[in-house]
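Chains as they are written, first to last, in the working numbering: chain G, 132 to 453; chain F, 40 to 443; chain H, -9 to 282; chain W, 27 to 270. From the three backbone atoms N, C-alpha and C, an ideal C-beta is built for every residue, glycine too. Computed from a predicted model, the values in this text were never measured in an experiment.
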Amino acid sequence: MRRAQLLIAILFLILGLAAPLVVRSDYLFQVLFRVFLFAALGLAWNLVGGYAGQLSLGHAAYFGAGAYGLAVFSKAGIHPWLALLLGVLLAVLFAALIGGVSFRLRGPYFTLATIAFAEVLRVAAKNLAAVTGGDVGLQVPGLFVKSSGRSLYLAAVLLTAVALCITAWVSRSKFGYYLMAIREDEDTALSVGVNATRCKLRALLISAALTALGGGLYGSLFLFIVPDQVLSIDISSEMAIVAMLGGAGTFLGPLIGSVILESAAELLKNIFHEAHLLIYGLLIVLVVLFLPEGIAGTLAHRLRRKSAIAAPPFKAPGPVSS
Amino acid sequence: MRSAHASSAAVLACALALTGCQGGVSQKGEGSRNKIKIGTITSLTGSNAAFGQAHKNGYAIALDELNSRGGLLGKTVELDYYDDQSRPDQAVQGVSKLVDLDNVPIILGAYSSENTRAIVPAVTQKQVPLLMPTATADNVMETGSPWTFRICAGSGAYATATVAFLKGMGAPKTMAIIYENTNFGQSNAQAMQAAAKQAGIEVVDTEAYQASTPDYKALLQRVKARSPAVIYFASYLLDASTLMRQAEQVGLNPAYYTSAGTGFAAAEFPTPDKGAGRNAEYTFSVSQWLPSAKWKGSKEFDDKYVQRTGSHPAYHAIEAYITLLAAAEAIKKANSTDPKAIRDALKQLDMPETTFGPIRFDPKGQNQHPVLITQVQGGQYKVVWPADAAESKPIIPTPPWTKR
Amino acid sequence: MERFFSALQAILNGVLTGSLYALIGMGMALIFGVMRIVNFAHGAFMMVGMYVTYLLFQGAGLNPYFGFIGSAMFLFLLGYLFYRGLLKPIRGRSDFMQILLTLGFGLILTDGIQLLFGADYHQINLPLLGKNLRLGSQISLNAPWLISFGIALMLGALLYFFVMHTMLGRAARAIAQNRYAAPLMGINVDRVQALSFGIGVAAAGVAGGLLLPVFYLYPTVGDQFTLKAFVMVVLGGMGSIQGAAMAGLVLGVVENLTSLYWGNEWALAVDFVIFLSVLSLRPSGIFGSQRV
Amino acid sequence: MALLELNRVSKRFGGLLAVNQVSFSINEGVVAFIVGPNGAGKTTLFNLIAGVFHPDEGNIHFASKEISQLSPDRAVHLGIGRTFQIVRPLRNLSVLENTMLGAFLHTRSPAKAAEEAEKVLRFLQMGNAMHLPARGLSLPMLKRLEIARALATRPKLILLDEVVAGLSTSEALALAELLRRLPEWGISAVAGVEHVMQVVMRMADRVIVLDHGTMIGEGTPQEMVRKPEVIEAYLGSKYKELGL
C-alpha cells in the first residue's frame, strides 16, 4: 500500500523531471508549472489542513509573503535568492503570529480567522504603496539567469519533491501521528500528552515556509505582482481545493488533486470559454457528492475494501504490519 | 491492490504526457495555412467581465469588416480568445498559450491596466508584439519594452490635459483626488498629483477607495470638509454612478467635477438606466472617443454596435475595434505573419484617418491620441476642450445640488 | 459643531447600510447556528436575489420594494432544494466537504447567471433615488436607504420572532444547541435544517433585493458580502441571530467612521482587525452568549 | 508515601459548586474507586487532577509536586493517564495506532511505539483487534482501547472515568479483573463508577464516596458499606437490592 504510493509519487517526479525532454512549448511549461506548483502548495496546505485537520483558508498570506519578500528585498539591493529566503522568514513570522492567535480557536472559528488575517495583509499591501508599490504593482526579479519557464518549472518540480519528502517524513513520524490525533480529537490528543498548540504551530511553520517558496517561484515566473493577485483568497482556496479534492490527509492526494484540477481547469477554459467556471464548479460538486474522501482517499478506500484486510481510510503509513 | 494503484497512476501519467506532446506538436501546423490567428486576451469572466464583453463586441465588428473585405494576405482572420478571468496570472498564462500553442504572431489586450502590466514581461520575453487597447495606467509602458504599443492615451496625458483645461478656465487653487485602489486608479492619482503640483494647484485631499462597494458617503463627507475647488475622480463606471449619486446626498459642491475618463466617460454614465442620470450633469471628463466625435466612421461604428448589442458603445469597445484594425494594417504592411516584421510595421504604422483619429506610435510605442475634455450637458457629452475641437462652451462653476 | 454633525451623519448612514448587512448576516447566522455550515455561497445566493428582483422590475414593472418578496420566495425554494438535493446527502461528512460543496455551488451560480444574463452590469433607476430626508440643516438621509432600513428592521424582527417563538424556530434552536439530542425530542432534524437553510438564504435574497435600488448588479457582485457575513456571524457570537444583526449595524457604522476619519481604503481591514481582536479576546462574540 | 494528594479542593462553575472542599490521598500501588451518582462531581474531579480544569481553592499534589495549575499534556508527562467518560477513540486510526499515540510519550520511534502498544494491547487481551479501525469496535472494546491508550503512556496513576458504564455485569467484572492487576505494572488507579457495587466491592482497595460535590466518606469498601451516612445518602437502597 504504502510502497505503491511512494512509487506513484516517484513516477510523477521522474515524469516531471523528464518532461523538458519532450515538451518544447513555454505554454505547456506554464501549465505544468501550475500543476507542480499547486501540488507543492497543496502538500504544504495538507500538513495543516489534512494531517492536523485545521482548515486554513488564509495561506495566501504566506504565499504573498514569499512573493513580496522576493520583490521588496531584492529591490532593496539584496540578492534574489537571499531575498526569497527573507520572504520565507517573513512568512514563518506571519505563521507564528497567525497560529498564535488562531490555534486557540477550533473549527470554523479557526478557518474564518485565517481568512481574516490574509485579508488584512492584502488590504495593507494595497495601501502601503511606499513598501509594496500598492496596486500599481511591483517588479519581481527572475530567480535564474535564464529565467525561462523551463527552469522555473523544474524548480516547481523540485519544490514538489521537497514537499513530498516532508509529507513522507511527517506521515511516518511521531509528529505525524500527533497531528492526526489532533485532527481526530484534540481532547484525546491532550490526554496522551500531546502539546496540541505546539504541534499545530510546528506544522503551520513548515507549511508556511513551503508556501512562501511557492509564492516566490510564482512571482518570479510572472515577474510582476499586485496584492489582489498573490494575496487573494483565490490562492488560499485553490490550495485547499486541490488538497481536499485529491484527498485531505493522504500522502498522494494533493499531487493527484493538482494534476487533475489544474489540467482540467486549463482544458475547460480552452474548450468552454465563458462556461468553464460553471463546469469547474460542477466538477467540485460531483467530487464532493460521489468521492467523499477526495479522489485519492476514495480510491484507496475502494481498493482496500476489495482486499481482505480492513484498514482505516486515513491510514497513516508506518510500521503497522508485524 | 498494489498493481491496481500503480496502473491507474501509470494511465494518468501517460494521459498527461500524451496531451502534453499532442498539444505541443499537432496544433502548430494548421494555423498558417488559410487562416491568420490573432491572439486576444481579455476578461470574459470575473469582476471585469462587463468590459471584456465590450472588448469582444468591438473586436467582432472589426473582424466582420476585415473578413468581408477579403481578410488579410488572402487569408481569413480569426480571433483566438484567452479569458484571463480578470486575474493577472491568468493573463500571463494566456500569452504562453497563444504564442506557444496557437502560434499567434501578435497579441491584443488585456483589458485592465493590472493585467496588461502583468503580460508585458511575457510578450517581451517571447518577442511578440502586444497592442494595448484600454490600459491607461502609465506603468504599462514603463519597462520600455520594444514590443509594446498602446492605442489609448495614458494617465499622464489625462492629468496633463485636465490641468491644462483648468488653467484655461481660471486656474482653481485646490483639488481633491478620489480614486479606486487598483492599478488604474493609483496610476491616475499619482499622475494627477504630479501634474497638479507642477501647475501650482494644491492637492488638499487624496482618497483611495475600495471599488464596487455600496456606500461612499463618509468618504465624500471627508472631501467636503476640505472644500476643494476641483475634484478629480479615477473610477470605473459602476462607482462613478454611485459616487455622483452620493455626492448629492452629502451635498458636495466643488466648482469642477473632473475625472480620468473611464467611468465618467462611458456612454452609459449620463443615462438614467445604466448610469448616474441627471447626477452626471456638469461633470467634466477626459475622453478618448465619443460616438459624436468628428472622426470618420464614429457614427457608423455606433450604429453597428447598437445593432449588435442594443446599446451604445463605451470607448473601450472602439479601442478594441481600432486595435484589431491597427493590427491588421500592420500585418498587411509587413506582408508576413512574422512577429518581428509585424513589430517593425507597427513602428512605422501611419493611419491618418481612423474612427479613433490618427494612429501613429511614438518611439516608445505610445499612440499620440489626442485627449478631449467633455462635459455632460443636457444628458449628452459635449467636447468643451481643446478649443479647436469644442462643440460647446463649458458651464462653470458647477451649480450646487440644491440649485439644480 | 461641524465635526459633531459630520460624525452623526456618518453614524446614521452607517446604521442604514448596516441594516442590510444585518439581514445578510442573520441569514448566515441561522444557517451556521442550525447546521454549523460555513456557507461560502451566501454572497452568490444574494446575487441571485438581486437578479430575481431586477427581472421582476424589468419584466413585470414590479417595484423592488415589493419585488424583494418574490426574490425571498425564489431563494427560499433554491436554498431548500440545495439543502435537500446536495447538502443533505453529505451531512455528517467532514467540514471540508461541506465547505467545498458551497464553494463549488457558488461558482455554478455565478457563472450560470453570467451565461444566462451576460457579464454586463445592470441597475435600476427609481425616481426615489434623488429624494432625501433632511433633519435640520446638517443631516440628510437618502430615501431608498431609509426605506430599505425600515423593511430590513421589520423583516429582521420577524426573523427574530420566528426563531424565538414559533415551533420551527424552537426546533431550530434546539438543534443549534444540541444536534444529537434534538431528534430524541421528536424533532425532524432534516426538515428543520432544510427550512432553516431556505430561510437563511431567503434573508440574503431580501437583502439583495433591497440593495438593488442603491447599487447595481453583475454576476460577481455578491462575493464581497460573503466575507462580511462571516465577520458578522463571528462578532455576533456564532449562530446568534440577534447578535449577527447587531454586528451588521456595528459593521456599517465602523466602516463609515473609518472612511470618515482614516480613509475608505482601510475600512475592510478595520472590519477584519475588529473581527480578529474579538475572536482572540472574546471568542463567543461581542453579542453572543454561546460558548465556543 | 502518598502518590496523589488532594487538599480541600473546590471548583465552581458559575453558581454551581461542582466540587466542594474535597481532600483525600492515594498511595502507590492502590486501586481506588470514586463512587457517586451522575452529577456528583466525579468527572470534574478527574478533570481537576488531569489539568483540564484548575481548582478555585485548595491544591493538588502528585508525587509530592504541586500540579494544581498544570496543563493536560504536562500532567501526562508527569505520569497521570486518563480515560474519558464517553469513549473518544481516534476513529479513523487503527487500534494499534490509537495505542501507539500513548506510547509516543517515551519514544520518537514509531517502531518502538508499536512494540510498546502491542504489549499493552496483549495485556488488555486485544491482540486480535490490533489492526481494526477504531470506529468499528464494540463498546467493551472501545472502553479497553481508552485504557490501552492511557496505559501506553506508562503512567504512575491512571484516572478511569466511568470505567464500566454501559457494560454488562460480566463485562464489567472481566474488565475490573484486568484493572486489579495494574499495580503489578507499578500503576495506581483511580476509577469512577456510578453504582456497580459488585465491581467496587471486589476490586477496590479504597473507596471515596462523593455526593453533590462533597466527599461523604473514605475508606475500605467494607468500611464504606457500613458507614451510616453513606448508606443514608447514597448506597442504602441499592446496596440492599444487590444483596451484598
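Let me check understanding here. Comparing Cα to Cα, which of F:S151, F:L411, F:K136 lies closest to F:P144?
Locating residue 144 of chain F in the second sequence gives position 105, counting from the first residue. Measuring from the Cα of F:P144, the nearest candidate turns out to be F:K136.
Beta-carbon within less than 6 Å of W:F50's beta-carbon, same chain only, minus the 5 sequence neighbours each way: which residues are those?
Reading the fourth sequence from its first residue, position 24 is the one you call residue 50 of chain W. Within its own chain, the residues whose Cβ lies closer than 6 Å to the Cβ of W:F50, once the five positions on either side in sequence are excluded, are L32, I234, E244, listed in chain order.
Residues near G:L217 by beta carbon distance below 6 Å, same chain, minus five either side
Position 86 of the first sequence, counted from the first residue, corresponds to residue 217 of chain G. Correct list, in chain order: G200, F204.
How would you call H:H112, buried or exposed, if buried means at least 16 neighbouring beta carbons within 10 angstroms?
Taking the first residue of the third sequence as position 1, residue 112 of chain H is located at position 122. Buried, because 16 or more other Cβ atoms sit within 10 Å of the Cβ of H:H112.
List, in chain order, every chain H residue whose beta-carbon is nearer than 7 Å to that of G:P385.
Residue mapping note: residue 385 of chain G aligns to position 254 of the first sequence, counting from 1. Residues of chain H passing the Cβ test: none, with the nearest at roughly 13 Å.
Taking 8 Å as the CB-CB limit, is F:A428 close to chain G?
By one-based count along the second sequence, residue 428 of chain F stands at place 389. Cβ-Cβ to chain G under 8 Å: no for F:A428.
Three-state secondary structure (DSSP) at F:K263?
Against the second sequence, residue 263 of chain F aligns to sequence position 224. Helix at F:K263.
Taking the alpha carbon of F:N318 as the reference point, which residue from F:D278, F:R347, F:Y121 has its own alpha carbon closest?
Here the question's residue 318 of chain F lines up with position 279 in the second sequence. Across the set F:D278, F:R347, F:Y121, the C-alpha of F:D278 shows the shortest separation from the C-alpha of F:N318.
So, is the C-beta of H:Q183 closer than 8 Å to a C-beta in chain F?
The count along the third sequence starts at 1 and reaches residue 183 of chain H at position 193. Not an interface residue.
CA-to-CA distance, G:L341 to G:L172, given in whole angstroms
In the first sequence, the residue the question calls residue 172 of chain G occupies position 41. In the first sequence, the residue the question calls residue 341 of chain G occupies position 210. Roughly 7 Å separates the two Cα atoms.
Just by C-beta distance, which residues in the segment 283 to 296 of chain F are closer than 9 Å to chain H?
If the cut-off is 9 Å between Cβ atoms, the segment 283 to 296 of chain F has R284, Q285, E287, Q288, V289, G290 near chain H.
Answer with buried or exposed for H:Y251, where buried requires no fewer than 16 other C-beta atoms within 10 angstroms of its C-beta.
Numbered from 1 along the third sequence, position 261 holds the residue referred to as residue 251 of chain H. When all chains shown are included, H:Y251 counts as exposed.
Between the segment 89 to 97 of chain H and the segment 170 to 184 of chain G, do three or more beta carbon pairs fall short of 8 Å?
Contact between the segment 89 to 97 of chain H and the segment 170 to 184 of chain G is not established, with fewer than three Cβ pairs separated by less than 8 Å.
Could you please tell me which residues of the segment 109 to 121 of chain H, in chain order, have their CB closer than 9 Å to any CB of chain F?
Cβ contacts with chain F come from A109, D110, Y111, H112, Q113, I114, N115, L119, G120.
N-terminal and C-terminal residue of the beta strand (DSSP E) that H:T216 is part of
The residue you call residue 216 of chain H lines up with position 226 of the third sequence. From DSSP, H:T216 is part of no beta strand (DSSP E) but of the alpha helix (DSSP H) over 213 to 225.
Close Cβ partners of F:H355 (< 6 Å) along its chain, the five nearest in sequence each way excluded:
Start at 1 with the first residue of the second sequence, and residue 355 of chain F comes out as number 316. Contacts found: F90, A93, T173.
Chain G partners of F:A157, CB-CB under 9 Å?
Position 118 of the second sequence, counted from the start, is the residue given in the question as residue 157 of chain F. When 9 Å is used as the limit between beta carbons, F:A157 is near these residues of chain G: G268, F353, L354, F355, I356, V357, Q360, in chain order.
Own chain residues within Cβ distance below 8 Å of H:V260, not counting five before or after:
By one-based count along the third sequence, residue 260 of chain H stands at place 270. Closer than 8 Å at the Cβ level, and outside the excluded window around H:V260, lie V244, E245, T248, W252.
Partners in chain G for W:G128, counting only beta-carbon separations shorter than 7 Å:
As a working note, residue 128 of chain W is residue 102 in the fourth sequence. Those within 7 Å of W:G128 in chain G are V323.
With DSSP as the reference, label W:M156 as helix, strand or coil.
Taking the fourth sequence and counting its residues from 1, one reaches residue 156 of chain W at position 130. Three-state result, W:M156: coil.
According to DSSP, which residues form a beta bridge with H:H112?
As a working mapping, residue 112 of chain H is identified with position 122 in the third sequence. Paired residue(s): H:L207.
Amino acids of chain G, ordered along the chain, whose beta-carbon sits closer than 8 Å to that of W:R134:
Position 108 of the fourth sequence, counted from the start, is the residue given in the question as residue 134 of chain W. Contact annotation for W:R134 against chain G: S304, K305 [CB-CB distance below 8 Å, chain order].
Roughly how many angstroms separate the alpha carbons of F:A366 and F:G110, rounded to a whole number?
Walking along the second sequence from the start, residue 366 of chain F turns up at place 327. Walking along the second sequence from the start, residue 110 of chain F turns up at place 71. When rounded, the distance between both Cα atoms is 13 Å.
With the cut-off set at 8 Å, would you say W:T70 and W:A89 are in Cβ contact?
The residue you call residue 70 of chain W lines up with position 44 of the fourth sequence. The residue you call residue 89 of chain W lines up with position 63 of the fourth sequence. No.
Is there at least one Cβ from chain G nearer than 8 Å to W:R148's Cβ?
For this step, residue 148 of chain W is matched to residue 122 along the fourth sequence. With a threshold of 8 Å between beta carbons, W:R148 makes no contact with chain G.
Amino acids of chain H, ordered along the chain, whose beta-carbon sits closer than 8 Å to that of G:L186
Counted from its first residue, the first sequence places residue 186 of chain G at position 55. Result: D85, F86, I89.
Comparing the C-beta of H:E245 with each C-beta of chain G, is any distance below 8 Å?
Along the third sequence, read from residue 1 onward, the residue named residue 245 of chain H stands at position 255. Residue-level contact check: H:E245 does not touch chain G, since none of the beta carbons of chain G fall below 8 Å from its beta carbon.
Counting along the chain, where does the beta strand (DSSP E) carrying F:K414 start and finish?
To locate residue 414 of chain F, count along the second sequence from 1; it is residue 375. A small correction: the amino acid at residue 414 of chain F is Gln; Lys does not occupy that position in the sequence shown. Per DSSP, F:Q414 is one residue of the beta strand (DSSP E) stretching across 411 to 416.
When you check each C-beta in the segment 11 to 32 of chain H against every C-beta of chain G, which residues fall closer than 9 Å?
Against chain G - using a Cβ distance shorter than 9 Å - the residues of the segment 11 to 32 of chain H are F22, R26, I27, V28, F30.
In whole angstroms, what separates the C-alpha of W:K253 from that of H:R163?
What you label residue 253 of chain W is simply residue 227 of the fourth sequence in a count that begins at 1. What you label residue 163 of chain H is simply residue 173 of the third sequence in a count that begins at 1. Their backbone Cα atoms lie some 47 Å apart in a straight line.
Span separating the alpha-carbon of F:S226 from that of F:N154:
As a first step, residue 226 of chain F must be located in the second sequence, where it is residue number 187. As a first step, residue 154 of chain F must be located in the second sequence, where it is residue number 115. F:S226 and F:N154 have their C-alpha atoms roughly 14 Å apart.
Let me confirm a value: F:G59 is counted as buried when at least 16 other C-beta atoms fall within 10 Å, else exposed. Which label applies?
Translated into the one-based positions of the second sequence, residue 59 of chain F becomes position 20. Residue placement at F:G59 cannot be trusted, given a pLDDT of 43 that sits under 50; what the coordinates show is reported in the next sentence. It counts as buried.
Would you call the segment 54 to 65 of chain W in contact with the segment 205 to 215 of chain W, where contact means no fewer than 3 C-beta pairs closer than 8 Å?
Between the segment 54 to 65 of chain W and the segment 205 to 215 of chain W, the count of Cβ pairs shorter than 8 Å is three or higher; the stretches touch.
With a threshold of 6 Å on Cβ separation, who are the neighbours of F:A304 within its own chain once the five nearest residues in sequence on each side are excluded?
By 1-based counting over the second sequence, the position of residue 304 of chain F is 265. Leaving aside the five residues that flank F:A304 on each side, the residues in its chain whose CB is nearer than 6 Å to its CB run, in chain order, S324, S326.
Can you grab the Cα-Cα spacing for the pair H:V223 / W:A200, in whole Å?
For this step, residue 223 of chain H is matched to residue 233 along the third sequence. For this step, residue 200 of chain W is matched to residue 174 along the fourth sequence. Straight-line Cα distance between these residues: approximately 50 Å.
Mind listing the chain H neighbours of F:L147? Cutoff is C-beta to C-beta under 9 Å, in chain order.
Locating residue 147 of chain F in the second sequence gives position 108, counting from the first residue. The CB of F:L147 never comes closer than 9 Å to any CB in chain H; the least such distance is about 19 Å.
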